[in-house]
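Participant: Listed in order, the protein sequences are those of chains E and C. Residue 7 is where the first sequence starts when you use our numbering, and the numbers rise one by one after that. Residue 2 is where the second sequence starts when you use our numbering, and the numbers rise one by one after that. This is the structure I want to talk about, given as structure tokens.
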Amino acid sequence: MTSIDDLIQALQAEGYEPDRRLATAVFLALKLQRPLLLEGEPGVGKTELAKALTRVLQRQLIRLQCYDGMELREALYEWNYAAQMLHMRAALGAAEPDQIEREVYQPRYLIKRPLLQALQTPEPGALLLIDEVDRADEPFEAFLLEYLGEYQVSIPELGTVQALARPVTILTSNRTRDLHDAVKRRCLYHWMDYPDRERELAIVRRQVPQASEALSRQVAQVLARLRGPEWADQFQRHPGIAETVEWSRALVALGRQSIDPEVLAQTAGLLYKQREDIDTLSQAAASVLQPA
Amino acid sequence: MPVADNLLGFGRALRRAGVPVDSSRIALAQQALVWVDWSRRGDVSDALEAVLVSRQSDREVFHELFARFFQAPVNAGLPWSLASSGADTQGGEVPQAPQRALDALASAVMLPPAPPESQDQDDEPAIDARFSASQRAHLQHADFRTLDAWEYRQVERWARDIRSAMPTQPGRRTRAGTRGAQLHWPRALREAARLEGEVVRLPKRTRREQPLPLLLLIDVSGSMERYTRLLMAFLHAATRQARRRDVFAMGTGLTDLSTAFRHADTDRMLAEASRRIPDFAGGTRLGPALQDLLRGHGRRLVGRRTVTLLITDGLDTGEPQVLDAALAGLKRHTGRLLWLNPMLRFGGYQPLARGARVLHRQVDAMLPVHNLESLQSLAQTLQRLLQV
């Protein structure tokens with residue numbers, strides 16, 4: 007990977023349409039070997055980027071889905087206590103206590119969780135996706151600092167585990183809360199917006215090739231209007247890229263060559279998932295489709 | 002190296018505009034510039050943004066400063082010139098530029114933030130001495146609206162010192178204990194090791210108690226003026242341990258005070274809050290303000306456990322239907338909705354005003370907050386209400 011243009015082409019070949027700003031951030035994260043923090047509304051393609059990037063880099067994807075109350079033993083490592091206990095019982099009387107102790111704390115009794123797996127993946131290394139890091143709580147962010155800053159973790163019984171090959175690390179956040187500055191300082195940052203019309207059209211073309219060109223264009227246009235200044239205020243949530251693709255597929259399945267107010271109202275539930283939003287769209291279907 | 006100088010200056014300007022940029026970031030930015038094609042201005046901007054910005058809200062300021070610092074081509078011989086000197090001369094041309102960016106550029110006239118009013122602290126022991134025990138007992142029950150300036154100041158200090166345990170519930174994290182569904186293996190193993198491998202007791206993982214996330218919605222309209230400042234001071238101190246605390250002021254519009262509430266010092270919080278609220282002591286339109294909250298900040302109301310404290314007297318000038326719909330929406334997104342109502346100072350208070358009727362129908366409970374005593378009992382009441 008020698009330039010931003012190469013990266014854009016490689017991602018496109020894997021079915022992902024990045025804008026140039028995103029490609030620049032990813033390119034720098036790879037070159038400077040820094041974790042990349044992607045923030046943005048749900049459905050703008052944060053997780054998809056990580057998946058596409060694993061294919062481009064031909065690395066193994068290791069995913070850590072965060073949730074409230076996540077602890078070290080679920081993210082980093084845990085000792086296999088049952089096996090250790092069995093070993094202790096079996097060795098009792100047959101070996102010196104010192105020896106038993108040494109044997110019990112061996113890497114083979116270590117259950118590796120995603121962070122440790124990522125560090126111990128041999129060349130070319132892994133791609134670690136720490137997904138929805140804003141769902142975890144603040145103490146969990148503190149666990150991450152050593153990993154994000156040094157690509158290493160400390161295990162009291164074994165010492166420091168260094169990365170065999172530096173994992174490419176991507177964090178995503180839906181920004182339900184602000185992350186701690188200490189985390190942000192260790193990462194490059196990219197705010198992901200909803201795609202503009204051209205990019206959305208490219209995505210629809212790539213993901214739903216069965217859709218006619220006219221239909222794809224209309225889909226991209228409707229989505230751009232719904233998220234645009236004129237309509238955005240009317241809705242509580244905005245449809246993401248996944249919804250766009252799903253909706254296009256539905257229109258194809260219905261045998262549609264174009265969108266009329268009736269079909270827009272009928273398929274509103276594919277774009278919006280809140281009852282009020284669906285009602286709003288159903289009622290305003292005709293004016294949404296009117297040329298500006 | 003001119004680029005290094007420019008980056009340093011650029012970094013300083015960003016810092017002045019409140020974007021957290023330290024020297025390690027600048028060093029990283031320099032490394033980043035090695036990797037991009039300088040003839041592509043957009044790439045340079047994108048690269049610096051990825052390294053120097055770490056918050057969505059800082060992006061606009063970044064772009065504004067970038068545009069002014071690294072100007073478009075003026076000399077055909079250069080791809081684009083690095084001209085930091087031109088930044089000041091252009092100061093007034095683009096009036097819609099973010100105020101933060103303009104402030105940062107006009108650093109020469111920037112004043113340091115006003116120091117906290119130090120004379121207040123000198124006066125404090127004197128104030129305290131003015132109040133005898135019987136006066137304190139009187140102030141304990143006095144409505145905040147009836148206090149004179151001295152009393153108000155003193156009561157505000159007392160309100161800050163009210164210690165309260167915020168409502169908690171069992172969290173997802175665990176600690177070792179005697180009850181629980183899961184075994185605490187590390188401890189079991191340690192104990193077994195001590196007893197030559199014999200397991201005589203099974204320690205369990207007990208769920209830790211964690212404070213519930215809080216959402217504070219504070220009415221800052223004229224009718225609430227006497228209560229707002231005091232209640233903000235009280236809530237700032239009393240809800241300090243909340244795991245998560247989002248705060249909004251509601252007047253004719255909505256103001257996000259969460260960052261102001263992050264200041265540890267209550268005086269600084271109050272200064273920052275009054276600087277941010279554009280419509281302090283104006284009118285109230287609770288309905289539209291709540292709608293703004295749901296639309297613009299809906300993502301922050303994730304937890305169905307969130308306890309929402311709505312601080313208002315219910316004297317709303319907006320349409321009741323709008324308020325009703327907004328409250329219903331709010332209830333769907335949060336756990337409990339509690340109304341802290343200073344109007345409960347009147348013994349036989351009935352929520353009869355149009356807005357108050359709607360509020361009364363929608364909220365889970367209504368609690369008084371008009372004197373020191375009611376604030377003291379608030380924390381206990383909260384705990385009791387939330388355990389039902």
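Glycine is no exception: its CB is placed at the ideal position from the N, C-alpha and C atoms.
For residue 21/E, does the count of other Cβ atoms within 10 angstroms reach 16, so buried, or fall short, so exposed?
Facilitator: Position 15 of the first sequence, counted from the first residue, corresponds to residue 21/E. It is exposed - the Cβ of residue 21/E has fewer than 16 other Cβ atoms within 10 Å.
Participant: Could you spell out the range, first to last residue, of the beta strand (DSSP E) harbouring residue 83/E?
Facilitator: By one-based count along the first sequence, residue 83/E stands at place 77. First-last of the beta strand (DSSP E) with residue 83/E: 83-85.
Participant: Check whether chain E comes within 8 Å of residue 44/C, counting only Cβ atoms and requiring the distance to be less than that.
Facilitator: Within the second sequence, residue 44/C is the residue found at index 43, counting from 1. It does; some Cβ of chain E falls within 8 Å.
Participant: Name, please, each residue of chain E whose Cβ falls closer than 7 Å to the Cβ of residue 204/C.
Facilitator: Counting from one through the second sequence, the residue named residue 204/C turns up at place 203. By Cβ distance, chain E contributes nothing, its closest Cβ being about 12 Å from residue 204/C, past 7 Å.
Participant: Compare the beta carbon distance of residue 200/E and residue 50/E with 8 Å and say whether it is the shorter of the two.
Facilitator: Indexing the first sequence from 1 puts residue 200/E at position 194. Indexing the first sequence from 1 puts residue 50/E at position 44. Yes, the pair counts as a contact, with Cβ atoms nearer than the cut-off.
Participant: So who's on the other strand from residue 176/E, going by DSSP bridges?
Facilitator: Residue mapping note: residue 176/E aligns to position 170 of the first sequence, counting from 1. Partner(s): 42/E, 135/E.
Participant: Name the DSSP bridge partner or partners of residue 340/C?
Facilitator: Looking up residue 340/C in the second sequence gives position 339. In the DSSP output, where bridge partners are listed per residue, residue 340/C has 311/C, 367/C.
Participant: For residue 226/E and residue 152/E, what's the separation of their Cα atoms in angstroms?
Facilitator: To locate residue 226/E, count along the first sequence from 1; it is residue 220. To locate residue 152/E, count along the first sequence from 1; it is residue 146. Between residue 226/E and residue 152/E, the C-alpha separation is close to 43 Å.
Participant: Along the chain, where does the alpha helix (DSSP H) containing residue 145/E start, and where does it finish?
Facilitator: Here residue 145/E refers to the residue found at position 139 of the first sequence. Run containing residue 145/E: 144-156, per the alpha helix (DSSP H) assignment.
Participant: Return the residue from the list 311/C, 261/C, 327/C that minimises the CA-CA distance to residue 293/C.
Facilitator: One-based indexing of the second sequence puts residue 293/C at position 292. Of the candidates 311/C, 261/C, 327/C, the one whose C-alpha sits nearest the C-alpha of residue 293/C is 327/C.
Participant: Just list the alpha helix (DSSP H) runs in the region 196-243 of chain C, keeping only unbroken ones of 4 residues or longer that don't cross its boundaries, in chain order.
Facilitator: Taking only runs of at least 4 residues, the alpha helix (DSSP H) segments lying wholly in the region 196-243 of chain C are 226-239.
Participant: Go through its chain and collect everything with a Cβ distance to residue 44/C's Cβ below 8 Å, but skip five positions before and after it.
Facilitator: Your numbering for residue 44/C matches position 43 in the second sequence. Around residue 44/C: 37, 38.
Participant: I think residue 4/E touches residue 132/E, with their Cβ atoms under 8 Å apart; what is that distance to the nearest whole Å?
Facilitator: The requested residue 4/E is not part of the displayed model; chain E covers only 7 to 298.
Participant: Report the CB separation of residue 134/E from residue 70/E in whole angstroms; it is logged as a contact under 8 Å.
Facilitator: Against the first sequence, residue 134/E aligns to sequence position 128. Against the first sequence, residue 70/E aligns to sequence position 64. Contact flag correct, Cβ pair sits at about 7 Å.
Participant: Let's see if you can read the secondary structure: which residues bound the beta strand (DSSP E) around residue 390/C?
Facilitator: Nothing about residue 390/C can be reported from this structure: the residues present for chain C run from 2 to 389 only.
Participant: Within the continuous beta strand (DSSP E) that includes residue 195/E, where are the two ends?
Facilitator: Reading the first sequence from its first residue, position 189 is the one you call residue 195/E. Residues 194-198.
Participant: Alpha carbons only, please: which of 232/E, 207/E, 14/E, 104/E is nearest the one belonging to residue 300/E?
Facilitator: Outside the displayed span of chain E (7 to 298) sits residue 300/E, for which this structure offers no information.
Participant: Rounded to a whole number of angstroms, what is the C-alpha to C-alpha distance between residue 13/E and residue 299/C?
Facilitator: Counted from its first residue, the first sequence places residue 13/E at position 7. Counted from its first residue, the second sequence places residue 299/C at position 298. C-alpha separation (whole angstroms): 35 Å.
Participant: By a C-beta neighbour count over all protein chains shown, 10 Å radius and 16 as the cutoff for buried, is residue 156/E buried or exposed?
Facilitator: Reading the first sequence from its first residue, position 150 is the one you call residue 156/E. Classification of residue 156/E: exposed, given that the 10 Å Cβ count is below 16.
Participant: Which residue's Cα is closest to the Cα of residue 173/C: 261/C, 211/C, 145/C, 150/C?
Facilitator: Position 172 of the second sequence, counted from the start, is the residue given in the question as residue 173/C. When only C-alpha atoms are compared, the closest one is 211/C.
Participant: Hey, is residue 15/C's beta-carbon within less than 8 Å of any beta-carbon in chain E?
Facilitator: In the second sequence, residue 15/C corresponds to position 14, counting from 1. Answer no: the Cβ-Cβ gap between residue 15/C and chain E never drops below 8 Å.
Participant: Given a cut-off of 8 Å on the beta-carbon distance, is the pair residue 252/C and residue 295/C in contact?
Facilitator: Within the second sequence, the letter at position 251 stands for residue 252/C. Within the second sequence, the letter at position 294 stands for residue 295/C. No, Cβ-Cβ distance for residue 252/C and residue 295/C is not below 8 Å.
Participant: Would a check of beta-carbon distances place residue 31/E closer than 8 Å to chain C?
Facilitator: Start at 1 with the first residue of the first sequence, and residue 31/E comes out as number 25. Chain C contact via Cβ: present.
Participant: Nearest to residue 46/C by CA position, among 181/C, 146/C, 8/C, 339/C, is which residue?
Facilitator: For the purposes of this step, residue 46/C is taken as the residue at position 45 of the second sequence. Selected option, being the one with the closest Cα: 8/C.
Participant: Looking at the unbroken alpha helix (DSSP H) that takes in residue 11/E, where does it start and where does it end?
Facilitator: Walking along the first sequence from the start, residue 11/E turns up at place 5. First-last of the alpha helix (DSSP H) with residue 11/E: 10-19.
Participant: Would you list the one or two residues that DSSP bridges to residue 69/E?
Facilitator: Counting from 1 along the first sequence, the entry for residue 69/E is found at position 63. 135/E, per the DSSP bridge assignment.
Participant: Does DSSP put residue 127/E in a helix, a strand or coil?
Facilitator: Indexing the first sequence from 1 puts residue 127/E at position 121. If DSSP states are grouped into helix, strand and coil, residue 127/E belongs with coil.
Participant: Determine the DSSP secondary structure at residue 118/E, reduced to helix, strand or coil.
Facilitator: Taking the first sequence and counting its residues from 1, one reaches residue 118/E at position 112. Strand, per DSSP.
Participant: Determine whether the Cβ of residue 172/C lies closer than 8 Å to any Cβ atom of chain E.
Facilitator: Mapped onto the second sequence, residue 172/C falls at position 171. With 8 Å as the cut-off, residue 172/C counts as an interface residue toward chain E.
Participant: Is the region 265-277 of chain C in contact with the region 185-197 of chain C, if contact means three or more CB pairs nearer than 8 Å?
Facilitator: No contact exists between the region 265-277 of chain C and the region 185-197 of chain C.
Participant: Provide the residue(s) that pair with residue 183/C in DSSP beta bridges, ordered along the chain.
Facilitator: Position 182 of the second sequence, counted from the start, is the residue given in the question as residue 183/C. Its beta-bridge partners are 206/C.
Participant: Anything in chain E within Cβ reach of residue 197/C, meaning under 7 Å, just list it in chain order.
Facilitator: For this step, residue 197/C is matched to residue 196 along the second sequence. By Cβ distance, chain E contributes 98.
Participant: By the criterion of Cβ-Cβ separation under 9 Å, what are the contact partners of residue 87/E in chain C?
Facilitator: Position 81 of the first sequence, counting from 1, holds the residue named residue 87/E. Near residue 87/E (Cβ distances below 9 Å), the residues of chain C are 184, 186, 187, 189, 190.
Participant: Per DSSP, which residues does residue 218/E bridge with? Please list them.
Facilitator: Along the first sequence, read from residue 1 onward, the residue named residue 218/E stands at position 212. Bridge partners of residue 218/E: none, in fact.
Participant: In this structure, does DSSP put residue 202/E in helix, strand or coil?
Facilitator: Indexing the first sequence from 1 puts residue 202/E at position 196. Note: residue 202/E maps to coil in three-state DSSP.
Participant: Taking the straight line between their C-alpha atoms, what separation do you get for residue 101/E and residue 108/E?
Facilitator: The residue labelled residue 101/E in the question sits at position 95 within the first sequence. The residue labelled residue 108/E in the question sits at position 102 within the first sequence. Rounded to the nearest angstrom, the two C-alpha atoms are 11 Å apart.
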